[in-house]
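Working notes, beginning with the structure itself.
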Amino acid sequence: EEPSPICEREAEVVLGIIDKWTCCTKEVCGCDMTLCETAIPTCTNSQKLVVGHSPLSCCPQYQCECDPLKCPSISTLECREDQFMIQVQQEEPCCFSPLCVCESCTEPIPLCTDGEFLTVDLNTTHFCCPQYYCVCDPHLCPAPLLNCAEDMKLVKENVSGQCCPPWHCECSCENLVMPTCEVKKMMCAYFKKYQY
């Protein structure tokens, strides 16, 4: 008598069958589907149920796989020059939709100097990287720290491209008092004496 076979696959049992040629009972390994777990996963609208088989099991393997044909059709986006397109997952796990996203800005925001304030070009606010620039406002310039002498005046230097130019002191001849000299009579007599 042959020994009973060892059944190793999941849900596999020893079955006794009758050999029609010899009329003898023979033991073989066979699948007992009642031992399989019957839980079938619930697939989403964008998935389809796929049944597979494993060499290590008698039971069917149920799996949800993406079915792109079940995803809603989405029109192609036209991205701007400063954008690029990516695919973003929708509510359905298998469906993706295009989305335009901004590229990283390479131009740094300018650093304004004394007397300047930062503003943005309103024609570029809809872009990913708006254009910023500095505007000069002389009222924002600090007061000059120089104290000039009485016969000098404070003068602002005009430097091209500089919002708050430097100051310096210059001679002021407008308020200069010219000294008046008086010729003494005694000296005049002295000159007359030695004139002859």
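Heads up: the sequence shown begins at 1 in UniProt numbering, then just goes up one per residue.
All residues carry an ideal CB built from backbone N, CA and C; glycine is no exception.
Residue burial classification, Glu12 (beta-carbon count within 10 angstroms, cutoff 16): The residue in question, Glu12, is buried, as its Cβ has 16 or more Cβ neighbours within 10 Å.
Thr38: first and last residue of the uninterrupted beta strand (DSSP E) it sits in: Looking at the DSSP string, Thr38 is not in any beta strand (DSSP E), and its letter there is neither H nor E.
Completely contained beta strand (DSSP E) runs for the region 31-114, where each covers 3 or more residues: Runs found: 47-53, 60-66, 83-89 and 96-102.
Cβ distance (whole Å) where Gly115 is taken to contact Cys141 below 8 Å: Taking a contact as a CB-CB distance under 8 Å, the pair Gly115 and Cys141 counts as one, their CB atoms being some 4 Å apart.
The region 40-55 contacting the region 85-101, beta-carbon criterion three pairs below 8 Å: With the cut-off at 8 Å, the region 40-55 and the region 85-101 touch.
Cβ-based neighbour list, Lys156, same chain, cut-off 6 Å, excluding 5 preceding and 5 following: Apart from the 5 residues on each side of it in sequence, Lys156 sits with its Cβ closer than 6 Å to the Cβ of Pro165 and Trp167 in its chain, given in chain order.
Between the CA atoms of Cys105 and Cys129 - distance to the nearest angstrom: Rounded to whole angstroms, Cys129 to Cys105 spans 6 Å at the Cα level.
Residue range of the unbroken beta strand (DSSP E) whose run includes Phe117: Where Phe117 is concerned, the enclosing beta strand (DSSP E) stretches over Glu116 to Val120.
Residue interval of the beta strand (DSSP E) (run including His126): His126: not part of any beta strand (DSSP E); DSSP gives it neither H nor E.
N- and C-terminal bounds of the beta strand (DSSP E) containing Cys171: From DSSP, the beta strand (DSSP E) with Cys171 extends over Trp167 to Cys171.
CB contact flag (Asp67, Phe127, <8 Å): Cβ atoms of Asp67 and Phe127: not closer than 8 Å.
Leu15, DSSP secondary structure in three states: If DSSP states are grouped into helix, strand and coil, Leu15 belongs with the strands.
Local conformation of Leu145 per DSSP, three classes: Reduced to three states, the DSSP call for Leu145 is coil.
Spatial neighbours of Pro5 in its chain, beta-carbon cut-off 7 Å, leaving aside the 5 residues before and after: Around Pro5, the same chain offers Val14, Glu27, Val28 and Cys29 as residues with beta carbons nearer than 7 Å, after the five sequence neighbours per side are excluded.
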